């Protein structure tokens, strides 16, 4: 039923046949496509090397922060124990 309605539609669109694309434009499109792919591959390698350097720096920073945090937690535990001893009257 729908196909029949479309065939009987009042609004008919007739398209002209596609125009041939010149060989220059066709070659330029392919050339730009491959140039873009080559650029993307080179850029990806560059960014991967850069990211490895960043990750090394981040790991060093995180290790330093963890050491500082562990040291701080140890100090806090020691202070807490001293305070508990003082409050309980068992101070050394």
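In this note's numbering, the protein residues as written are 532 to 623. In this text, a Cβ means the ideal position worked out from N, Cα and C, and glycines have one as well. Model, not experiment: these values are computed from the prediction.
A direct Cα-Cα distance of roughly 43 Å separates residue 572 from residue 601.
Judged by beta-carbon spacing, residue 616 lies within the 8 Å limit of residue 622, meaning their Cβ atoms are closer than that value. Counting along the chain, residue 580 sits inside the alpha helix (DSSP H) bounded by residues 554 to 619.
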